[in-house]
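Beneath this line is the structure, given in C-alpha cells, with notes to follow.
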Amino acid sequence: MKIDLKAPAKINLSLDALYKREDGYHEVEMVMTTIDLADRLELELISSDEIILDVRAHFIPNDHRNLVYQAALLLKEKYNVRMGARITLDKQIPVSAGLAGGSTDAAAALKGLNELWKLGLSLEELAELSARIGSDIAFCLYGGTAFATGRGEVIQKLPMMPSCWIILAKPSISISTPSVYKELKLDEVEHPDTKRMLAGIEAGDLDAICDSMGNVLESVTLEKNPKVKQLKQKMLEFGADAAMMSGSGPTVFAIVKQYSRAKRVYNGLRGFCSEVYMVRPWNDEGINK
Ligand code: ATP
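Encoded structure:
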C-alpha cells in the first residue's frame, strides 16, 4: 500500500507576540494561510518494523533530526505500532524560510501514517499529539486559513482566503527563529490589529486583509538584514497591494489582486533575488492527495 500526499507551505498574514510565558515561549496570535507551494511525500508500508526516510534534497537530515521522522516515531511509540514505513520526501519548499516547511511535512506524515497504519485517529487527536514536536504542525494539519494562539498550536479555522496572487522572495540568508524571539522588544514594537485582520477574513475582504497585515518579528529581522527590507520595499514599488515577511523570515511575500500586476512584481523581483515564486492561496484541506 502506498499513499501520496502534498504538504503545502504557509504564510503569516499577521503575527503578534503578546508576552513571554513562564515556559519560555511567547504567547502568540497568528493568522496563517496555506499556499500552493508544496512538498510531496510518498508513504509505503514495508515488511520490516522500522521507519526509513529518503529525503530528495541536499542538506536535510534523514534521521531523528527530521520532523517527519520525529512525527512517525511519535505515532509509532504512542500507539504501539508494530508496522514500518518507507517515507520519501521530495522538498520544494525553501528550508528555514519562515514557511513552515518542516512542520507541513510532519503534518503530512501524521495524516498519511494514520491512514497507512489504520489508526483511525481524528484530526484533533493528531493535532494534540503534534504539539509535542512542534507548535506549527497543528495548523498544517488543518490547513486553509486559521487563527493560531497559545504558542501557535491552538487552532481556530477561518473562512478561506479570497482569490489573489502571492509572490514570494526568499533571500539566501539563514535566520534562527529562537534568536529572533529572543531579540524581540515587546514594549517597543508596533502590534498588528489582529481583530481587524480576523474581520477582514470573515468578510472575504482582500483590501481589509492587506491593510491589516503586520508581523512583530519584522522589527528584528528587517533591521538586521537590509536585503529582506529591500525586497519588501521592491515588492511595494513594483505594485504589490501589500508586502510582509512570513514568520521569522527571511521570506517576504506580496499580495496582488490583478494577474498583470502580479507578473510585474514577480518579474521585477527576479532581478534582485534568485528564489522567487508566484503562487495562489491553497484553499483545500491542508494536506491533499
Ligand atoms: P517555521 O516557519 O516553522 O519557522 P521554517 O520554514 O523557518 O519553519 P523549516 O524549513 O521547517 O524552517 O526548517 C528549519 C530547520 O528544521 C532546518 O534546519 C532543517 O534542517 C530542519 N528540518 C527538520 N525536518 C525538516 C524537513 N522535513 N524539512 C525541512 N527542514 C527540516
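Going left to right, the sequence shown walks through residues 126 to 414 as our numbering numbers them.
C-beta: ideal position from N, C-alpha, C; glycine also.
Predicted, not measured: the structure shown is a model, and the values here were computed from it.
Beta-bridge partners of residue i, as assigned by DSSP
{"i": "T274", "result": "V279"}
{"i": "I171", "result": "G209"}
{"i": "V345", "result": "The partner list for V345 (beta bridge, DSSP) is empty, contrary to what the question assumes."}
{"i": "E152", "result": "Y144"}
{"i": "F378", "result": "L293 and M369"}
{"i": "L166", "result": "L130 and L214"}
{"i": "M157", "result": "N137 and A271"}
{"i": "V180", "result": "L214"}
{"i": "G339", "result": "S139"}
Close-in-space but distant-in-sequence residues of the same chain around residue i (CB under 8 angstroms, 5 per side omitted)
{"i": "R146", "result": "E152 and R276"}
{"i": "R257", "result": "L199"}
{"i": "I177", "result": "I171, G209, A210, R211 and I212"}
{"i": "V353", "result": "P296, I298, T346, L347, M370, G374, P375 and V377"}
{"i": "Q423", "result": "Within the shown structure, residues of the chain are numbered from 126 to 414, placing residue 423 beyond reach of any answer."}
Distance cut-off 7 angstroms: residue i Cβ against heavy atoms of the ligand ATP
{"i": "K310", "result": "no"}
{"i": "T302", "result": "yes"}
{"i": "D336", "result": "no"}
{"i": "P186", "result": "yes"}
{"i": "L224", "result": "yes"}
{"i": "R190", "result": "yes"}
{"i": "K216", "result": "yes"}
{"i": "G227", "result": "yes"}
{"i": "S373", "result": "yes"}
{"i": "D230", "result": "yes"}
{"i": "D261", "result": "yes"}
{"i": "S221", "result": "yes"}
{"i": "V193", "result": "yes"}
Cβ separation of residue i and residue j, assumed to be a contact under 8 angstroms, to the nearest whole Å
{"i": "M338", "j": "L168", "result": "So it is not a contact: roughly 36 angstroms between Cβ atoms."}
{"i": "A234", "j": "A196", "result": "4 angstroms"}
{"i": "V390", "j": "G364", "result": "6 angstroms"}
{"i": "L214", "j": "L166", "result": "6 angstroms"}
Beta-carbon contacts of residue i that lie in its chain and below 6 angstroms, excluding the five residues immediately before and after
{"i": "E308", "result": "V345"}
{"i": "M286", "result": "T158, T270 and P406"}
{"i": "N413", "result": "Residue placement at N413 is poorly supported in this model, since its pLDDT is 48, which falls under 50; the coordinates still yield a value, given next. Cβ within range, chain order: K131."}
{"i": "R386", "result": "G364"}
Other residues of its chain near residue i: CB distance less than 7 angstroms, five sequence neighbours each side excluded
{"i": "E154", "result": "D141, L143, T274 and T319"}
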